[in-house]
DNA sequence: GTATTGTTGCGCAACAATGCAACAATATAT
DNA sequence: ATATATTGTTGCATTGTTGCGCAACAATAC
């Protein structure tokens with residue numbers, strides 16, 4: 001039995017997952033877990049050109065995971081969909097399952 | 108205040124998210140939600156060369172999201188970490204939030 | 001005007017997805 | 001045992017996508 005599934009919905013899901021598939025963007029989200037931060041607060045976390053960080057932030061904003069609020073010259077970011085934090089528990093669960101499987105192969 | 112965060116863990120999470128960031132792989136997972144399937148069952152879902160599907164499946168297997176069981180000439184796949192299904196609800200939540208935001212901008 | 005904060009265009013290098021063709025593994029028929 | 005069919009994998013080349021730095025720009029504040 002094969003089930004039907006809307007292609008556009010699959011693409012939409014993939015876009016969201018893709019936005020989260022980067023250590024830099026995951027680090028940003030981890031930081032925003034603790035409250036609002038401006039981009040300049042995040043900059044010291046990354047040994048990267050500021051343009052690169054700006055693009056990572058833009059990706060999260062455009063996708064709707066992160067919201068923004070301008071205050072003078074700074075732009076403050078916040079997490080709009082905290083449920084993404086729950087995803088990480090599952091992600092680490094996957095990592096653990098795989099680690100166990102690898103360990104079992106060695107016996 | 109800036110919090111510490113292990114780089115390797117971030118990379119591990121990103122690898123899991125990356126494996127899920129593909130409409131093809133998400134479609135495979137959706138199908139496995141309903142039980143075991145062999146690769147040949149999945150083939151008709153994709154207008155792709157079988158080598159391509161094989162690689163997508165391999166990516167999910169190597170990551171530990173999907174397990175395999177050989178039965179004669181067929182290889183049956185199953186979902187090892189069903190929690191990934193919960194991720195999709197959140198992903199669609201993100202999509203809805205963004206849709207609302209876009210709608211609000213039009214007013 | 002200058003300083004600070006963030007964005008955008010451009011080019012490059014690394015990576016990912018795909019098809020094709022050849023291959024490996026199992027099952028079955030002769 | 002050899003051949004043939006079915007199912008899936010792997011090497012290779014091509015094409016497309018992503019991440020990055022640099023430099024120039026925009027927006028706000030003073």
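Residue numbers (our numbering), protein chains in the order written: chain A, 1 to 107; chain B, 108 to 214.
The C-beta atom is built at its ideal place from N, Cα and C for all residues, glycine as well.
Please read all numbers here as calculations on a predicted model, not as lab measurements.
Q) Taking the continuous alpha helix (DSSP H) assigned at residue 200(B), which residues delimit it? A) 191 to 212
Q.
Can you determine whether any heavy atom of the ligand ADP sits closer than 7 Å to the C-beta of residue 145(B), and answer yes or no?
A. Absence of the ligand ADP from the depicted structure is noted, as is the absence of any ligand whatsoever, leaving it without description.
**Q.** Interface partners of residue 141(B) on chain A, CB under 8 Å
**A.** 1 and 3
Q. Is residue 177(B) helix, strand or coil by DSSP?
A. strand
Q.
Less than 6 Å between C-beta atoms, sequence neighbours within five positions excluded: which residues of the same chain meet that for residue 196(B)?
A. none
Q | Cutoff 7 Å; reference residue 121(B); Cβ partners in own chain excluding five residues on either side | A | none
(Q) Please confirm whether residue 88(A) has its beta-carbon closer than 8 Å to some beta-carbon of chain B. (A) yes
**Q.** Among 26(A), 84(A), 48(A) and 103(A), the one whose alpha carbon lies nearest that of residue 115(B)
**A.** 26(A)
Q | Validate contact between the stretch 185 to 199 of chain B and the stretch 87 to 107 of chain A using beta carbons, cut 8 Å, 3 pairs | A | yes
Q) residue 160(B) and residue 150(B) look like a contact to me (Cβ under 8 Å); what is the Cβ gap, rounded to whole Å? A) 6 Å
Q. Three or more C-beta pairs closer than 8 Å, one from the stretch 32 to 41 of chain A and one from the stretch 121 to 131 of chain B: is that the case here?
A. no
**Q.** Collapsed DSSP secondary structure at residue 185(B) in the structure displayed
**A.** strand
Q: May I ask you to report which of helix, strand or coil DSSP gives residue 33(A)?
A: coil
Q: Measure from the C-beta of residue 83(A) to each C-beta in chain B and report whether the shortest distance is under 8 Å.
A: yes
Q: Return the first residue and the last residue of the alpha helix (DSSP H) that residue 45(A) is part of.
A: That residue, residue 45(A), is in no alpha helix (DSSP H); it is neither H nor E in DSSP.
Q: Could you list which residues in chain A have their beta carbon closer than 8 Å to that of residue 113(B), in chain order?
A: The contacting residues do not exist; residue 113(B) stays about 10 Å from chain A at best.
(Q) The alpha helix (DSSP H) that contains residue 19(A), what's its start and end? (A) 7 to 19
**Q.** Classification of residue 205(B) by the beta-carbon crowding that lies within 10 angstroms, buried from 16 upward
**A.** buried
**Q.** Identity of the residue in 17(A), 40(A), 4(A) and 16(A) nearest residue 73(A) by Cα
**A.** 40(A)
Q.
With a threshold of 8 Å between beta carbons, is residue 50(A) in contact with chain B?
A. no
Q: Name the residue from 153(B), 167(B) and 162(B) whose alpha carbon lies nearest to the alpha carbon of residue 2(A).
A: 153(B)
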